[in-house]
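*Asks:*
Number of protein chains: 2
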Amino acid sequence: MIQLHYTTDVCEELCEHDQIVCLAKAEMLVDDDARQIAETFKILGDPTRIKILHALSRRELCVCDIAAIVAMGQSAVSHQLRLLRGARLVKYRKEGKMVWYSLDDSHISLLLAQGIEHIQHR
Amino acid sequence: MIQLHYTTDVCEELCEHDQIVCLAKAEMLVDDDARQIAETFKILGDPTRIKILHALSRRELCVCDIAAIVAMGQSAVSHQLRLLRGARLVKYRKEGKMVWYSLDDSHISLLLAQGIEHIQHR
DNA sequence: TTATCATATGAACAAATGATCACATATAGG
DNA sequence: CCTATATGTGATCATTTGTTCATATGATAA
């Protein structure tokens, strides 16, 4: 369980608005947290991976099916799935030679839905 | 208002699971929609921009204050704000020489919160 | 065992990204 | 007008990213 911390740096100012800047600095995300959050979104920031996640939001799929669905090579898909695994966006289970992928949790579906909603409204 | 369409391509198969693949293909996001959704997440996928958005989720800020808060050059911040504007993640209002930025809508705050939540649970 | 199928991975390379620098624009005050 | 301040933008360049190709791993079938 990662806890978010806040920076408590000193407050030397350039612009006016010293107090606001000082307060905002105190509330700012720690570098490492910002990096991790960004990392998650970065993984979501690719059309191929969005297609994969969208397909997985409907049903569990094996690698070669995903490749067929998104019309890409198996290798490319495998590389992308690795990134998705690394970001804990998908999970998998092995069944003989096959590996079945699915969204890591319902939370991911929600994130995806929010992205879709964003491009929809306007 | 952008509507999401579904591809209705023919279904020539490689693997087994023809029906599942065929169905998943039919439900798949259109390239352009996947691209737009990914574009939004891509913009969220940078630590600097996450810090900026997080700061803006608390209060409206002008460019030079943001630069001070995230400890970066004004130019770099301006470039990032341009991307954030392009993705409709922030809006701004001019007041004399100053430009005040804020989140485009409360929806963005939610997206951000979901990203934070994702890195928190485990 | 050997052959085959499903998946993973390393190397390579073109394309995209993000910070910096220099400069442009725009507004306010003298 | 000229100067100072706040912000925006184009060019550059090192770094990262995503696909492809070749190959490795691992499981099943013959």
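Keeping their order, the protein sequence lines are chains A and X. Residue numbering for the first sequence follows numbering that gives the first Met the number 0, starting at 0 and increasing by one per position. Residue numbering for the second sequence follows numbering that gives the first Met the number 0, starting at 0 and increasing by one per position. Glycine is no exception: its CB is placed at the ideal position from the N, C-alpha and C atoms.
Just how far apart, CA to CA, sit X/Lys96 and X/Cys61?
*Replies:* 10 Å
*Asks:* Taking its Cβ as the centre, do 16 or more other Cβ atoms sit within 10 Å of X/Asp32, making it buried, or is it exposed?
*Replies:* buried
*Asks:* If you count every other CB in all the chains shown that lies within 10 Å of the CB of X/Lys93, and 16 or more means buried, which is it?
*Replies:* exposed
*Asks:* Name the residue from X/Cys21, X/Trp99, X/Leu88 and X/Ile36 whose alpha carbon lies nearest to the alpha carbon of X/Ala66.
*Replies:* Comparing Cα-Cα distances from X/Ala66 to each of X/Cys21, X/Trp99, X/Leu88 and X/Ile36, the minimum goes to X/Trp99.
*Asks:* What does the alpha-carbon distance come out to for the pair A/Arg87 and X/His117?
*Replies:* Inter-residue distance for A/Arg87 and X/His117 is about 9 Å (C-alpha atoms, whole angstroms).
*Asks:* How about A/Arg34: is its C-beta nearer than 9 Å to some C-beta of chain X?
*Replies:* yes
*Asks:* Going along chain A in order, which residues have a C-beta closer than 8 Å to the C-beta of X/His174?
*Replies:* What the structure shows of chain X is the stretch from 0 to 121, and residue 174 of chain X is not part of that stretch, so it cannot be assessed.
*Asks:* Beta strand (DSSP E) containing X/Ser101: first to last residue?
*Replies:* Element bounds for X/Ser101: Met97 to Leu102.
*Asks:* Is A/His78 near the ligand GDP, going by C-beta to nearest heavy atom under 8 Å?
*Replies:* Absent from the structure shown: the ligand GDP. Ligands present: none.
*Asks:* Name, in chain order, the residues that DSSP records as bridge partners for A/Glu94.
*Replies:* A/Met97
*Asks:* Does DSSP put X/Val89 in a helix, in a strand, or in coil?
*Replies:* strand
*Asks:* Closer than 7 Å by C-beta to A/Gly72: which residues in its own chain qualify, once you throw out the five before and the five after it? Chain order, please.
*Replies:* Ala66
*Asks:* The alpha helix (DSSP H) with X/Val69 in it runs from where to where?
*Replies:* Val62 to Val69
*Asks:* Quick check: what's the CA-CA separation for X/Arg34 versus A/Asp45?
*Replies:* 7 Å
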